[in-house]
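A.B. asks: Have a look at this one before I ask anything.
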Amino acid sequence: MINKINTLAEEIKALTASTAEEVEAIRLKYLSKKGVISSLMNDFRTVPAEQKREIGQLLNQLKTVANDKFAALKESLASGADAAHSEIDLTRSATPAHFGTRHPLSIVKNEIFEIFGAMGFTIAEGPEIEDDWHVFSSLNFPPDHPARDMQDTFFISRHPQDILLRTHTSSVQTRTMEATRPPIRIICPGRVYRNEAISARAHCFFHQVEGLYIDKNVSFADLKQCLLYFAREMFGPETKIRLRPSYFPFTEPSAEMDISCHICGGKGCPFCKGTGWVEILGCGMVDPNVLEACGIDSKEYTGYAFGMGVERITNLKYRVKDLRLFSENDVRFLHEFDAAH
Ligand code: PHE
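Residue numbers (numbering that gives the first Met the number 0): 0 to 340.
Okay, structure coming up:
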């Protein structure tokens with residue numbers, strides 16, 4: 000029996016196979032239940048007790064040799080198949096890769112960052128869930144003042160109605176004024192919320208970039224020059240601006256800024272409803288009450304602030320007619336901006 004096992008081992012070591020069928024035939028012959036090794040195992044029962052140990056070991060070794068051989072043959076067959084596949088033409092172009100597109104609001108937001116970044120503004124961010132102090136009270140909205148109706152919001156705490164979703168990123172300006180000393184020159188991007196019925200022209204959330212500059216001797220002329228530079232960079236060098244008196248609790252004086260209609264160049268067209276102007280942002284000189292509420296001496300420092308909706312600027316640039324498209328995640332809409340960045 001020992002001889003039989005040894006010759007079988009040699010035989011197995013010498014085996015070769017070039018097709019899957021041959022490998023399978025080898026498995027059947029040696030390793031299957033009715034195979035040679037299996038029948039040797041059956042014979043093992045008749046081996047005299049004193050030889051059991053030696054023969055048992057040999058048999059186990061034989062089994063390992065056969066298993067290893069089978070695995071090796073299978074493996075070489077598989078890598079042979081790989082070699083065959085290498086006939087694939089690697090010079091052909093691959094399946095086109097679909098890259099994502101930057102969201103139009105991000106494209107425009109980044110442009111805004113660049114323009115104000117060139118003027119020395121840095122970015123400041125803050126929480127979307129805010130308290131009454133940072134969104135309203137510190138910004139000179141007295142409790143129950145009708146000015147709060149301009150920005151109806153979502154309250155998170157009921158009694159007291161103190162925790163809410165921010166209605167503007169002016170809250171980040173307050174936080175920065177509280178935490179640092181002038182000169183302050185920041186822009187505050189972020190998502191804001193208002194309790195509005197959703198339509199093509201309004202949503203319950205949108206995105207803002209607000210700006211704040213506080214230093215000694217900051218004047219309205221500085222504000223105007225800064226915004227003129229922004230308008231020309233954003234909408235082209237021919238752009239004119241116009242400031243109309245307005246009201247915000249946190250600025251005095253306050254203004255709405257219009258730009259000359261970039262579609263008709265100011266002549267009047269359906270887009271600007273024949274006026275030649277389109278409104279783009281709110282601005283003004285920071286009310287001394289706001290500076291004082293944030294611990295800044297209003298006799299020493301003055302400052303200006305402005306705030307714009309990113310959706311509004313994007314609409315003007317790309318004439319998106321329905322605001323809801325920005326948050327519906329329709330990739331067909333997003334792919335229209337492939338070339339824009
Ligand atoms: N916070 C104002 C708004 O959300 C915008 C604004 C900012 C106006 C700064 C003036 C000055 O409507």
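Think of the CB as a built atom: it goes at the ideal place given N, C-alpha and C, for glycine as much as any other residue. Here the structure is a predicted model, which is why all the values come from computation and not from measurement.
Cβ atoms of C225 and E209: under 9 Å apart, would you say?
C.D. replies: For the purposes of this step, residue 209 is taken as the residue at position 210 of the sequence shown. For the purposes of this step, residue 225 is taken as the residue at position 226 of the sequence shown. No, Cβ-Cβ distance for E209 and C225 is not below 9 Å.
A.B. asks: Measure the beta-carbon distance from A199 to K320 and round it to whole angstroms, keeping in mind my assumption that it falls under 8 Å.
C.D. replies: Counting from 1 along the sequence shown, the entry for residue 199 is found at position 200. Counting from 1 along the sequence shown, the entry for residue 320 is found at position 321. About 7 Å separates the two Cβ atoms, so the contact holds.
A.B. asks: Return the first residue and the last residue of the alpha helix (DSSP H) that P344 is part of.
C.D. replies: Because the chain is modelled from 0 through 340, residue 344 falls outside the range shown and cannot be assessed.
A.B. asks: Between which two residues does the alpha helix (DSSP H) holding I262 run?
C.D. replies: What you label residue 262 is simply residue 263 of the sequence shown in a count that begins at 1. Note, I262: premise wrong, no alpha helix (DSSP H); not H, not E.
A.B. asks: Ligand 1 heavy atoms versus the CB of G283: any closer than 8 Å?
C.D. replies: As a first step, residue 283 must be located in the sequence shown, where it is residue number 284. Under cutoff, so the answer is yes.
A.B. asks: Ordered along the chain, which non-local residues of its own chain (more than five positions away) have a Cβ less than 8 Å from that of V309?
C.D. replies: Translated into the one-based positions of the sequence shown, residue 309 becomes position 310. Counting only Cβ-Cβ distances below 8 Å, and skipping sequence neighbours, we find L104, V107, K108, I111, P188, F205, H206, Q207, V208.
A.B. asks: Given a cut-off of 9 Å on the beta-carbon distance, is the pair S169 and A304 in contact?
C.D. replies: Within the sequence shown, numbered from 1, the residue matching residue 169 stands at position 170. Within the sequence shown, numbered from 1, the residue matching residue 304 stands at position 305. Taking 9 Å as the Cβ cut-off, S169 and A304 qualify as a contacting pair.
A.B. asks: Is any heavy atom of ligand 1 found at a distance shorter than 8 Å from the C-beta of L280?
C.D. replies: Residue 280 sits at position 281 when you count from the first residue of the sequence shown. Checking the Cβ of L280 against ligand 1 gives yes.
A.B. asks: My output table needs one value for V208: the three-state DSSP class, helix, strand or coil.
C.D. replies: Within the sequence shown, the letter at position 209 stands for residue 208. Three-state DSSP puts V208 in a strand.
A.B. asks: Per DSSP, what kind of secondary structure is G283 in: helix, strand or coil?
C.D. replies: Sequence index remark: in the sequence shown, residue 283 carries index 284 (1-based). DSSP places G283 in strand when its eight states are reduced to three.
A.B. asks: Quick check on A65: does DSSP put it in helix, strand or coil?
C.D. replies: Residue numbering aside, residue 65 sits at position 66 when the sequence shown is read from its first letter. Note: A65 maps to helix in three-state DSSP.
A.B. asks: Give me the Cα-Cα distance between I295 and V289, rounded to the nearest whole angstrom.
C.D. replies: Your numbering for residue 295 matches position 296 in the sequence shown. Your numbering for residue 289 matches position 290 in the sequence shown. Cα to Cα, I295 sits roughly 9 Å from V289.
A.B. asks: Roughly how many angstroms lie between the CA atoms of S17 and K68, to the nearest whole one?
C.D. replies: Counted from its first residue, the sequence shown places residue 17 at position 18. Counted from its first residue, the sequence shown places residue 68 at position 69. Approximately 13 Å between the Cα atoms of the pair.
A.B. asks: Below 8 Å on the Cβ atoms is my contact criterion, and I expect V277 with I258 to pass it. Report the Cβ-Cβ distance as a whole number of Å.
C.D. replies: To locate residue 277, count along the sequence shown from 1; it is residue 278. To locate residue 258, count along the sequence shown from 1; it is residue 259. So it is a contact: roughly 6 Å between Cβ atoms.
A.B. asks: Can you tell me which residues form a DSSP beta bridge with R341?
C.D. replies: Residue numbering for the chain in the displayed model covers 0 to 340; residue 341 lies beyond these limits and cannot be assessed.
A.B. asks: In the structure shown, what three-state DSSP assignment does D296 receive?
C.D. replies: Taking the first residue of the sequence shown as position 1, residue 296 is located at position 297. D296: coil per DSSP, three-state reduction.
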